[in-house]
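Note sheet for the following structure.
In the numbering used here, the protein residues as written are 6 to 365.
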């Protein structure tokens, strides 16, 4: 997948250690919920669909990273205006924002295109949407892509293109983890007059303030596993009704090492559970429990294995697998609606992705 140009699939990363609040963690294998869930396609032909936002009235928003520049020569790096925001409301299905920056390498005819571009979108109180867009590099790298790439690696609003927070500049200037300078913002939630953003490249949780400045909210430490030390790669983030923030990390390519973090207001984040694999997104259901989406259930040579969906009781920290019968492949987004509807962006690393509903 395209979370990083250097890729979470590759070797080790050295990073500055961060203080972690000790907490009991679950490492036992997950239980199984029973029969396989059914998968209903809500929308298809989406261009690299990423994060999902479900509003209180059931409206669904999907950030589309786009497909780069159509016709880009094989192996060449191109930026095009193919990113967008897709909306489902009642019988309406379609893009409500188009023309956003999207970056991809040209591929052979017929091969899937995996792009960097919008990864999450929320409504702006004054109209339009606020979007976070990933990058995979530094401000110099972004500049090398040309002026059309200006919103990559930032939080920006669609109604006028104004950059609300520059995550690439934050990483380039500060490099909080002390490793390779590499910004790749991914997940987004509102926080006060600004936002909290997970950066999968710089391994931190970044606060975007209302005045456009940024600060490092939490440096996610490397994960020391029996296999190797894995970079954190934080991804999905969600806030529960009580204000608690949960965020996930992938912990590289080490099966069974991905962590879910819990951040109670006023306290340092602590690990809620571990023992999962390659977490890409989180959601909170109507009872306050978590759903967690694994990009793949494990690692092997060749194509990725199917994804995995899990449920976590936030009180007991019990993890239960929701069997999906291998029907989820390379998903990137997860959300729960007001009636506990579960939505996933599926086949998401192509220009023929889907928004699906999971019934279990």
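We put the CB at the ideal spot given by N, CA and C, even for glycine. No experiment lies behind these values; they were computed from the predicted model shown.
Rounded Cβ spacing between residue i and residue j (contact assumed at less than 8 Å)
i: residue 345; j: residue 50; result: Residue 345 to residue 50, Cβ: 27 Å. No contact.
i: residue 363; j: residue 148; result: Actually they are not in contact, since the Cβ atoms of residue 363 and residue 148 sit about 41 Å apart, beyond 8 Å.
i: residue 44; j: residue 348; result: Incorrect: roughly 11 Å between the Cβ atoms, too far for contact.
i: residue 251; j: residue 298; result: So it is not a contact: roughly 13 Å between Cβ atoms.
i: residue 181; j: residue 234; result: Residue 181 to residue 234, Cβ: 18 Å. No contact.
i: residue 158; j: residue 139; result: 7 Å
Residue i, enclosing beta strand (DSSP E) - first and last residue
i: residue 297; result: 295-299
i: residue 302; result: Neither: residue 302 is in no beta strand (DSSP E) and is coded neither H nor E.
i: residue 55; result: 54-59
i: residue 334; result: Residue 334 -> no beta strand (DSSP E), and no H or E assigned at all.
i: residue 351; result: 347-351
i: residue 83; result: 82-94
i: residue 50; result: 43-51
i: residue 362; result: 358-364
i: residue 326; result: 324-327
i: residue 79; result: Counting along the chain, residue 79 falls outside any beta strand (DSSP E), and DSSP gives it neither H nor E.
i: residue 69; result: 65-69
i: residue 195; result: 190-196
i: residue 315; result: 313-317
Length of the line joining the Cα atoms of residue i and residue j
i: residue 198; j: residue 204; result: 19 Å
i: residue 52; j: residue 265; result: 28 Å
i: residue 237; j: residue 200; result: 21 Å
i: residue 301; j: residue 308; result: 10 Å
i: residue 354; j: residue 117; result: 7 Å
i: residue 352; j: residue 152; result: 30 Å
i: residue 68; j: residue 172; result: 18 Å
i: residue 169; j: residue 161; result: 5 Å
i: residue 209; j: residue 100; result: 31 Å
i: residue 165; j: residue 127; result: 15 Å
i: residue 247; j: residue 195; result: 14 Å
i: residue 106; j: residue 242; result: 23 Å
i: residue 70; j: residue 213; result: 21 Å
i: residue 329; j: residue 178; result: 43 Å
i: residue 1; j: residue 289; result: Since the first residue shown for the chain is 6 and the last is 365, residue 1 is missing from the structure and cannot be characterised.
i: residue 27; j: residue 48; result: At residue 27, the pLDDT of 33 sits below 50, so the modelled position is not reliable and the matter cannot be decided from this model.
i: residue 34; j: residue 360; result: Because residue 34 carries a pLDDT of 48, less than 50, the predicted location of this residue cannot be relied on, and the following value inherits that uncertainty. Looking at the two C-alpha atoms, the distance is approximately 29 Å.
i: residue 78; j: residue 103; result: 23 Å
i: residue 30; j: residue 291; result: Annotation note: pLDDT 43 at residue 30 (below 50); position unreliable, coordinate value reported separately. Using only the alpha carbons, I get a separation of about 23 Å.
i: residue 228; j: residue 274; result: 15 Å
i: residue 82; j: residue 270; result: 42 Å
i: residue 14; j: residue 304; result: Only weak support is given to the placement of residue 14: the predicted model assigns it a pLDDT of 31, under 50, and the question is left unresolved by the model.
i: residue 318; j: residue 276; result: 14 Å
i: residue 350; j: residue 334; result: 9 Å
i: residue 336; j: residue 167; result: 29 Å
i: residue 72; j: residue 278; result: 35 Å
i: residue 365; j: residue 174; result: 43 Å
i: residue 32; j: residue 293; result: Model confidence at residue 32 stands at a pLDDT of 44, short of 50, so the residue's coordinates are unreliable and nothing is read from them.
i: residue 256; j: residue 184; result: 15 Å
i: residue 223; j: residue 231; result: 25 Å
i: residue 125; j: residue 306; result: 30 Å
i: residue 211; j: residue 253; result: 14 Å
i: residue 133; j: residue 122; result: 17 Å
i: residue 206; j: residue 54; result: 19 Å
Near the ligand PLP: residue i beta-carbon under 6 Å from a heavy atom
i: residue 70; result: With respect to small molecules bound, the structure shown includes none, and the ligand PLP cannot be examined in it.
Query raised in the report: Taking contact to mean at least 3 C-beta pairs separated by less than 8 Å, is the segment 243-260 in contact with the segment 275-295?
Result: The segment 243-260, when compared against the segment 275-295, does touch it at the 8 Å Cβ threshold.
Query raised in the report: On the three-pair Cβ rule with 8 Å, is the segment 133-151 touching the segment 178-190?
Result: Result yes; three or more Cβ-Cβ pairs closer than 8 Å.
Report task. Examine the Cβ distances between the segment 58-66 and the segment 333-345 and report whether three or more of them are shorter than 8 Å. Result -> Yes, since at least three Cβ pairs between the segment 58-66 and the segment 333-345 fall closer than 8 Å, the two stretches touch.
Requested in this report: Any chance you could list the alpha helix (DSSP H) runs of at least 4 consecutive residues sitting entirely within the segment 147-187, in chain order?
Outcome: List check, alpha helix (DSSP H) in window: 172-179.
Query - Ordered list of beta strand (DSSP E) runs contained in the segment 199-283, each at least 3 residues - result: Within the segment 199-283, the complete beta strand (DSSP E) runs of at least 3 residues are 199-204, 209-213, 219-224, 239-244, 250-254, 263-268, 275-281.
Report task. Tell me, please, whether the segment 306-325 touches the segment 76-88 by the rule of three or more beta-carbon pairs shorter than 8 Å. Result -> No: fewer than three Cβ pairs fall under 8 Å.
Report task. Determine contact between the segment 211-227 and the segment 304-322, defined as no fewer than three beta-carbon pairs at a distance below 8 Å. Result -> Counting C-beta pairs closer than 8 Å gives fewer than three between the segment 211-227 and the segment 304-322, which falls short of the contact rule.
**Report entry** In chain order, each alpha helix (DSSP H) run of at least 4 residues that lies wholly inside the segment 101-142
**Finding:** If one requires a minimum length of 4 residues, no alpha helix (DSSP H) run lies completely within the segment 101-142.
Query raised in the report: Can you find at least 3 beta carbon pairs, one from the segment 107-124 and one from the segment 92-99, that sit closer than 8 Å?
Result: No, the segment 107-124 does not touch the segment 92-99.
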